[in-house]
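One structure below.
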Amino acid sequence: DVKVTQSSRYLVKRTGEKVFLECVQDMDHENMFWYRQDPGLGLRLIYFSYDVKMKEKGDIPEGYSVSREKKERFSLILESASTNQTSMYLCASSFPRDRLIYSNQPQHFGDGTRLSIL
Amino acid sequence: GNSVTQMEGPVTLSEEAFLTINCTYTATGYPSLFWYVQYPGEGLQLLLKATKADDKGSNKGFEATYRKETTSFHLEKGSVQVSDSAVYFCALRFLSNTGNQFYFGTGTSLTVIP
Chain A
285 DVKVTQSSRY LVKRTGEKVF LECVQDMDHE NMFWYRQDPG LGLRLIYFSY
335 DVKMKEKGDI PEGYSVSREK KERFSLILES ASTNQTSMYL CASSFPRDRL
385 IYSNQPQHFG DGTRLSIL
Chain B
24 GNSVTQMEGP VTLSEEAFLT INCTYTATGY PSLFWYVQYP GEGLQLLLKA
74 TKADDKGSNK GFEATYRKET TSFHLEKGSV QVSDSAVYFC ALRFLSNTGN
124 QFYFGTGTSL TVIP
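Okay, here's the thing in C-alpha cells:
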C-alpha cells in the first residue's frame, strides 16, 4: 500500500514564525502536491511538484513556498505565518503527470496537518 | 474549462437509508473518475474509481457508474451505517497537453444517525 506520511497531525505556531510542514511518500511517485482544506471551500491546490527540484504554483501559492530536494520528500514552508493560514493541510502523491498509462491512477493522501496560527 | 460539481451538503440520513450523492463533471477528453472519503480528523482515502464509460466502481457497499452521456458519477449506497459518516469528494483526472490534471469537488458532508 502507498504510504504518505505527514510529520505532524497538529501544530500550533505564532504569527510571524517560519513554519515547515513535511511530507514523505514511499511509492517512488514523481508527483507530489500540497493542498489546504477550509470549511465550505473544499481542497485548494497550493503547490505541486512533478520531479526533484521542480515546482509549480497551484491556485493559492501566496505566502507559501515549497522544497523538493529528494523524490520522496516534499516540504511546504510558510515564510511568515499569519492567522489566515490557520487550516488543515493535506499532502498527496501520484504517478507521473504525462503518461497515458498512469492517467487512471488516483492521488494518495496523508492524514493531514491541522495548523493553528495564534 | 474542467470542473467537478457535487451536491452541497450537509446530508443527514437515518441508519439503513439509501444514499445518493450527485456528481457531474466537465472535461475535455476521457477523464478517470474517483470518489474519496474523509473521516473526521483524517486525510482523504480513495473509496472507488472508474476509468472509462459505463465502468462501475464499487467498495464497502458504495457504487458509482461512469455515465459519459450525462457526464455524471453519482455515489450510491443501499443501506448506510453510522460509520459512513464522513465527507465525500468526487474527483477527476485526465491527460491534457500539460500533463495529468486533478480536479476535486467541494465535498459533501454525510451524517448518519442511529
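For the protein sequence lines, the chains are A and B, in the order given.
The first sequence begins at 285 in the working numbering and counts up by one.
The second sequence begins at 24 in the working numbering and counts up by one.
We put the CB at the ideal spot given by N, CA and C, even for glycine.
Under the three-state DSSP convention, the category residue i falls into
i                      : result
residue 322 of chain A : strand
residue 141 of chain B : Nothing can be reported for residue 141 of chain B, as the shown portion of chain B is limited to 24 through 137.
residue 367 of chain A : helix
residue 377 of chain A : strand
residue 105 of chain B : helix
residue 96 of chain B  : coil
residue 290 of chain A : strand
residue 30 of chain B  : coil
residue 402 of chain A : coil
residue 53 of chain B  : coil
residue 89 of chain B  : coil
residue 124 of chain B : strand
residue 298 of chain A : coil
residue 129 of chain B : coil
Neighbourhood of residue i by C-beta distance below 8 Å, restricted to the same chain and skipping five residues each side
i                      : result
residue 130 of chain B : 29, 32, 61, 110, 111, 112
residue 338 of chain A : 352
residue 207 of chain B : This structure gives no information on residue 207 of chain B, because the portion of chain B shown stretches from 24 to 137.
residue 345 of chain A : 330, 331
residue 393 of chain A : 288, 374, 375, 376
residue 389 of chain A : 378, 379
Other residues of its chain near residue i: CB distance less than 6 Å, five sequence neighbours each side excluded
i                      : result
residue 48 of chain B  : 27, 94, 115
residue 80 of chain B  : 71, 72, 73, 87
residue 305 of chain A : 360, 373, 397
residue 287 of chain A : 310
residue 355 of chain A : 336
residue 303 of chain A : 297, 362, 365
Listed by chain order, chain B residues near residue i by CB distance under 8 Å
i                      : result
residue 393 of chain A : 59, 66, 67, 68
residue 374 of chain A : 66, 67
Contacts that residue i makes with chain A (C-beta to C-beta distance below 9 Å)
i                      : result
residue 16 of chain B  : Outside the modelled stretch of chain B, which goes from 24 to 137, sits residue 16 of chain B, for which no answer is possible.
residue 129 of chain B : 324, 325, 326, 327
Listed by chain order, chain B residues near residue i by CB distance under 9 Å
i                      : result
residue 396 of chain A : 61, 64, 65, 66, 67
Proximal residues to residue i (C-beta, below 7 Å), its chain only, five neighbours per side dropped
i                      : result
residue 89 of chain B  : 56, 73, 75, 76, 77, 78, 96
residue 370 of chain A : 399, 400, 401
residue 108 of chain B : 133, 134, 135
Proximity test, residue i beta-carbon vs the ligand NAD heavy atom, cut-off 6 Å
i                      : result
residue 327 of chain A : Ligands in the displayed structure: none, and consequently the ligand NAD is not present.
Within the segment 56 to 82 of chain B, note down every full alpha helix (DSSP H) run reaching 4 residues or more, in order along the chain. none
Could you name each continuous beta strand (DSSP E) segment of 3 residues or more that falls completely within the segment 304 to 360 of chain A, going from the start of the chain to the end? 315 to 322, 326 to 333, 348 to 354
Tell me which residues of the segment 71 to 98 of chain B have at least one Cβ-Cβ distance to chain A shorter than 7 Å, keeping chain order. 72, 74
If the cut-off is 9 Å on Cβ atoms, which residues from the segment 296 to 323 of chain A count as contacting chain B, listed in chain order? 315, 317, 319, 321
What residues in the segment 37 to 52 of chain B bring their beta carbon closer than 8 Å to a beta carbon of chain A? Per Cβ criterion, the list is empty.
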